[in-house]
Amino acid sequence: MRDEHFPFDRVLIMDRYPLTGLGLCALADGVAGRVCSEHITTLSALYQACLNYEGERLLLITELISDMEPLRTGIALLRVLGPRIRSGRYRVVVCTDLADPLLLKVIANEMPSVMVLRRESLSVLQDAIRLAGTPCPEMLLSPAVTEGLALARSHKLTPRELEWLVTQADGLDLKASAKLMNVNYKTVSSWRRNIAQTTGSGGKVAINRRLARIRRNVTGA
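No gaps in the numbering here: position 4 of the sequence shown is 697 in our numbering, and each next residue is one more.
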């Protein structure tokens, strides 16, 4: 039987690192006051688990990337789960290392229930899990995510430019990203130039350095 203060039947935690995943399981079980969490290492396994537990009210905690799946797969999963999130059947906590303001903006546009950075304090992570169970129609943001999104607020980028940014975070070069997005090389070059100008990253060298930092943050390489 569900506790009133923690209204989920099950917590599914998708984290590519075993120790971090087990730590989040312990944290979730502590907030719930019972053992109800399950650690999963890939996004595809997370989606399959959602199908397996059809009919249950689920709390999903995910970093949106795995060792085998790029960020764009995680973004696509948020879109697939969107109707269930909005209906209240699922709540999704994005617990991520992706601290670049532009990537936070990409994720926030998909409206997960809660966003928090993994580097934040234990109490902040606990609050993120606890608050996920509250009937709040607004997306809940941790202090670090709020600060990051504030930095991105003035950056007026198109959905396609943000989509291209995700391909860069996933490690694609300009030619590969152009092919994936079904546009020509000049178009993606224009997007890169506009992102550099809009964000104040300066010229080609500066934006390439920023993209390289984002890529390292995503891939861990």
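Note that the Cβ used here is the ideal one computed from N, Cα and C, for glycine as well.
Jot down the residue ranges of each uninterrupted beta strand (DSSP E) in the region 807-834, minimum 3 residues, whole runs only, in chain order.
Counting whole runs of 3 or more residues, the region 807-834 contains the beta strand (DSSP E) stretches 807-810.
Please list, in chain order, all residues of the same chain as residue 729 whose beta carbon is under 6 Å from its beta carbon, the five residues on each side excluded.
Closer than 6 Å at Cβ, skipping near neighbours: 703, 704.
Would you call the region 874-883 in contact with the region 824-835, where contact means no fewer than 3 C-beta pairs closer than 8 Å?
At 8 Å Cβ cutoff, the stretches do not touch.
Identify whether residue 759 lies in helix, strand or coil by the three-state DSSP scheme.
Residue 759 falls in the coil class under three-state DSSP.
When you compare only the Cα positions, how much space is there between residue 840 and residue 793?
Using only the alpha carbons, I get a separation of about 11 Å.
Check residue 740 in the structure and name its three-state DSSP category.
Shown here, residue 740 sits in a helix according to DSSP, grouped into three states.
If you count every other CB in all the chains shown that lies within 10 Å of the CB of residue 759, and 16 or more means buried, which is it?
Under a 10 Å Cβ-count criterion, residue 759 is classified as buried, with 16 or more other Cβ atoms of the shown protein chains found around its own Cβ.
Spatial neighbours of residue 694 in its chain, beta-carbon cut-off 6 Å, leaving aside the 5 residues before and after
Below a pLDDT of 50, predicted positions are generally treated as unreliable, and residue 694, at 44, falls in that range; no measurement from the model is reported.
Residue 856 - DSSP class collapsed to helix/strand/coil:
DSSP places residue 856 in helix when its eight states are reduced to three.
Count Cβ pairs between the region 771-783 and the region 897-907 that sit closer than 8 Å; are there 3 or more?
In short, these stretches do not touch, since the Cβ pair count stays below three.
In angstroms with no decimal places, state the Cα-to-Cα distance between residue 737 and residue 757.
So the two alpha carbons sit approximately 11 Å from each other.
Quick check: is any heavy atom of the ligand GDP less than 6 Å from the C-beta of residue 872?
Only the bare structure without any ligand can be found here, which leaves the ligand GDP out of the picture.
Measure the alpha-carbon distance for residue 797 versus residue 906 and round it to whole angstroms.
Between residue 797 and residue 906, the alpha-carbon positions lie close to 14 Å from each other.
On the three-state DSSP scale, how would you describe residue 883?
Residue state, collapsed to three classes: helix.
Closer than 7 Å by C-beta to residue 850: which residues in its own chain qualify, once you throw out the five before and the five after it? Chain order, please.
Closer than 7 Å at the Cβ level, and outside the excluded window around residue 850, lie 888, 891.
Give me whichever residues DSSP pairs with residue 783 in a beta bridge.
DSSP lists 751 as partners of residue 783.
Cβ contact check for the region 844-863 and the region 803-816: 3 or more pairs under 8 Å
Look at the beta carbons and you see the region 844-863 not touching the region 803-816: under three pairs across the two are nearer than 8 Å.
Please tell me whether residue 808 and residue 785 are closer than 7 Å, where the distance is taken between their beta carbons.
With contacts defined by Cβ atoms closer than 7 Å, residue 808 and residue 785 do not form a contacting pair.
Exposed or buried, what is residue 846 when buried is set at 16 or more other beta-carbons lying within 10 Å of its beta-carbon?
Residue 846 is exposed by the Cβ-count criterion.
Quick check on residue 764: buried or exposed, where buried means 16 or more other Cβ atoms within 10 Å of its Cβ?
It counts as buried.
Determine the closest residue to residue 993 out of 781, 822, 820, 768, with distance taken between C-alpha atoms.
Not covered by the structure: residue 993. The range shown for the chain is 694 to 914.
What's the gap between the Cα of residue 724 and the Cα of residue 844?
Looking at the two C-alpha atoms, the distance is approximately 31 Å.
Would you give the residue range spanned by the alpha helix (DSSP H) that residue 705 belongs to?
Careful: residue 705 lies outside any alpha helix (DSSP H), inside the beta strand (DSSP E) at 703-707.
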